[in-house]
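Below: the structure, in structure tokens.
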Amino acid sequence: MLNKLVWRKSDKQNRNLQERISDVTGELVPKHIAIIMDGNGRWAKKRAMPRVAGHHEGMKNVRKITRAANAIGVKALTLYAFSTENWKRPKFEVEFLMRLPEEFLASFSPELMELNIRIAMIGEMDSLPEHTQKAVKKAMDDTKNNTGMVLNFALNYGSRSEIVSTVQQLVKKAQDGEIAVEDITEDCISAHLMTKELPEPDLLIRTSGEARLSNFMLWQLAYTEFWFTDTLWPDFDEHSLLDAVNDYQKRSRRYGGLKGE
Ligand code: FPP
1 MLNKLVWRKS DKQNRNLQER ISDVTGELVP KHIAIIMDGN GRWAKKRAMP RVAGHHEGMK
61 NVRKITRAAN AIGVKALTLY AFSTENWKRP KFEVEFLMRL PEEFLASFSP ELMELNIRIA
121 MIGEMDSLPE HTQKAVKKAM DDTKNNTGMV LNFALNYGSR SEIVSTVQQL VKKAQDGEIA
181 VEDITEDCIS AHLMTKELPE PDLLIRTSGE ARLSNFMLWQ LAYTEFWFTD TLWPDFDEHS
241 LLDAVNDYQK RSRRYGGLKG E
């Protein structure tokens, strides 16, 4: 009897999810959603579990949210999985986090192909452990011809360092006479960032009640709509994503101009 009730409840919730998904699809779906996945540690602490258990649960949630974003027609989903500052964490935790891409990509690969999803990465690849690099490069290569949503991992990523290295590249090009100083425009800078192949994010989500950017896509987020929630990342489900998208659809984006311009 209990089983039946549980089944009925989840069946109803599923139907409700399908309806919500069809309601949001269309013109106003954000093309690019970026997420700061925060709160894994607190999720684990609440359950008297080690922090890494929270990260593992967080990894499982990436799958769920990737499917949901794909289902509503998002073109790019960027997930902040490891910042350049995260190296300061205990060695054990860093090593655990560096194993997650392998586990995730190995188990999710067949579905990524089925869903036509392409894996991309922003961040400093060279200083990642060999095994992490190998897994990410393989997934990028395996999915390189997929034409659907881009699942972009920010791994060993820091926005200030991305901007510094872009400025260095452009100064070098100017010194070498490849470009004129006047050629260094906003578009030119955007075209040299690690995100050059992606549109700027329309919607930024940060979970766990923190309301800061933590060195994430500082240039790219200039006109992005922000959405913050107290929900911890492992608990952030498809309905939470749809709540964020529904709110986004009510926003009026003016890019500094006036409504209707
Ligand atoms: C911040 O939460 C989260 C991280 C530093 C890691 C995020 C990584 C994942 C969600 C998994 C990534 C998955 C793949 C496939 C690469 P926190 O630990 O700072 O949480 P707290 O603020 O509650 O301590």
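Just so we're aligned: 66 in UniProt numbering is position 66 of the sequence shown, and the numbers increase by one with no gaps anywhere.
From the three backbone atoms N, C-alpha and C, an ideal C-beta is built for every residue, glycine too.
Distances between the C-beta of A81 and the heavy atoms of ligand 1 include at least one below 6 Å. Ligand 1 approaches R42 closely enough that one of its heavy atoms is under 6 Å from the residue's Cβ. Going by DSSP, H55 is part of no beta strand (DSSP E) but of the alpha helix (DSSP H) stretching over R51 to A71. Taking 7 Å as the cut-off, the beta carbon of N116 is found no closer than this to the beta carbon of G158. Within the stretch 65-113, the beta strand (DSSP E) runs of at least 3 residues that lie entirely inside it are, in chain order, 76-83.
In the DSSP assignment, the residues bridged to A34 are T78 and L204. Of the residues M217, R212, V171 and L258, the one whose Cα lies closest to the Cα of P199 is M217. Rounded to the nearest angstrom, the Cβ distance from T143 to G73 is 19 Å, too far for a contact under 8 Å. Inter-residue distance for E197 and N146 is about 14 Å (C-alpha atoms, whole angstroms).
Shown here, A191 sits in coil according to DSSP, grouped into three states, outside any helix or strand. When only Cα atoms are considered, H239 and E103 end up about 25 Å apart. DSSP, reduced to helix, strand and coil, places I122 within a strand of the structure shown. For Y157, the enclosing beta strand (DSSP E) covers residues V150 to Y157.
With a threshold of 16 other beta carbon atoms within 10 Å, D202 meets it and is buried. The three-state reading of DSSP puts W227 in strand, counting E and B together.
Take M113, set aside five residues on each side of it, and the residues of its chain with a beta-carbon closer than 8 Å to its own are D142, T143 and N146, in chain order. Excluding sequence positions up to five before and after R206, its CB lies within less than 7 Å of the CB of I36, D38 and F228, all in the same chain and listed in chain order. Exclusion of G158 from the 6 Å shell around ligand 1 follows from its C-beta lying no nearer than that to any non-hydrogen atom of the ligand. As the crow flies, the alpha-carbon of R42 is around 8 Å from that of R51.
In the three-state DSSP reduction, A174 falls in the helix class (H, G or I). L232 counts as buried, since at least 16 other C-beta atoms from the protein chains shown sit within 10 angstroms of its C-beta.
Beyond the five residues adjoining it in sequence on each side, P234 comes within less than 8 Å, by CB distance, of G39, N40, W43, G54, E57, G58, K60 and N61 in the same chain, given in chain order.
In this structure, the alpha-carbon of Y255 lies about 32 Å from that of E178.
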